[in-house]
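What follows is a single structure, written as structure tokens, with notes after it.
2 protein chains.
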Amino acid sequence: MFTLDPAFEGGSQALADLELCAVRLQLDARFPWLVLIPRVEAAREIEDLGAGDRSRLMEEIVLAGRAVRAMGDVLGRPVFKLNVGALGNITAQLHVHVVGRRRDDPAWPGPVWGVVGVTAYPADELAVVREAALRALDVTP
Amino acid sequence: MFTLDPAFEGGSQALADLELCAVRLQLDARFPWLVLIPRVEAAREIEDLGAGDRSRLMEEIVLAGRAVRAMGDVLGRPVFKLNVGALGNITAQLHVHVVGRRRDDPAWPGPVWGVVGVTAYPADELAVVREAALRALDVTP
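Right, here's the structure in full:
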């Protein structure tokens, strides 16, 4: 049975369920950022998924990229480059980060992973960003 | 027409051609590390690939993971965790890093991207690592 690692509760909030993945919104206003967690028991590496789920994961990465772009647009900070990463060095449960990057973001051109600090979303901004992401994911809130 | 960005020549060397991707071996003995570059003209984001190529890329990522594990094994430093990343903030041409990580590597648990310095492979070690990677990719040298 799939159970979400409670470590994800810390820095992100549930956004939607796609066919394969739980999608979470990373609570850091510096970067439009979604995390995809395949709902597959004990998966730690991409190779732990079957071939069908791997293809599905790839399609959900593309979809999440679209949602991240929509988040950037609604904030008036269009995404210049997508960054996609599956690391899992700290939280082992398989998850894929999809992050929208800009040349004026505080980590550019380095990766966002390992960057210290967090900037909280103002409540109204969070609502707007969630809505934009959900619309792009084509998931009814 | 696909042309490899000359930026890749700096830190890596050609290893093999898979169905979709050129595979390059990153010349940093600190981490068993391959780079996959889809041979698709003007691709910058995963979404720039067609659905078939996206699935193929996912399968080649899994294959590269196997090769990275083989590289770690042959060096007596088995891989503990795979890190997969498509960033492209510095070199825009679409490419995917597949890196083998260990708890005793110099960047753990942070990402390898943005870590300064490089450790050159001793020539004999490089030959052994190349051979192990090629065997795992099932590509005749």
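For the protein sequence lines, the chains are A and B, in the order given. With the numbering used here applied, the first sequence covers 1084 to 1224. With the numbering used here applied, the second sequence covers 1084 to 1224. C-beta: ideal position from N, C-alpha, C; glycine also.
The Cβ atoms of A:Pro1115 and A:Met1154 lie closer than 8 Å to each other. By the C-beta criterion, the region 1204–1224 of chain B is judged to be in contact with the region 1157–1177 of chain B, since at least 3 inter-stretch pairs fall below 8 Å.
Chain B places no beta carbon closer than 8 Å to that of A:Met1084, leaving this residue out of the contacts.
The beta carbon of B:Ala1175 lies closer than 8 Å to those of Asp1088, Arg1127 in the same chain, with the five residues before and after it left out. Around the beta carbon of A:Asp1188, 16 or more other beta carbons lie within 10 angstroms, which makes this residue buried. Under DSSP, the beta-bridge partners assigned to B:Gly1183 are B:Leu1165.
Residues of chain B whose Cβ lies closer than 8 Å to the Cβ of A:Met1141 are, in chain order, Ile1129, Arg1137, Ser1138, Leu1140, Met1141. Per DSSP, reduced to three states, the secondary structure at A:Asp1100 is strand. Within the same chain, Glu1102, Leu1103 come within 7 Å of B:Arg1139 by CB-CB distance, once the 5 residues on both sides are set aside. Per DSSP, the continuous alpha helix (DSSP H) segment holding A:Val1151 begins and ends at 1134–1157. Against chain B, a Cβ distance below 8 Å from A:Gly1183 picks out nothing, because the smallest value is about 11 Å.
Contact with chain B is found for A:Pro1194, since one of that chain's Cβ atoms lies less than 8 Å from the residue's Cβ. No Cβ of chain B is located within less than 8 Å of the beta carbon of A:Trp1116. If you ignore the 5 residues before and after B:Arg1186, its C-beta comes within less than 7 Å of the C-beta of Phe1163, all in its own chain and listed in chain order. If the five residues before and after B:Arg1122 are omitted, its C-beta is found closer than 8 Å to the C-beta atoms of Phe1085, Asp1100, Leu1103, Cys1104, Ala1105, all from its own chain and listed in chain order. Taking B:Asp1221 as reference, the option from B:Gly1148, B:Val1179, B:Thr1202 with the minimal CA-CA separation is B:Gly1148. Contacts with chain A at 8 Å (Cβ-Cβ) do not include B:Ile1120. In this structure, A:Glu1130 lies away from B:Val1167, with their beta-carbon atoms at least 8 Å apart.
Under the three-state reduction of DSSP, A:Leu1170 is assigned to coil, being neither helix nor strand.
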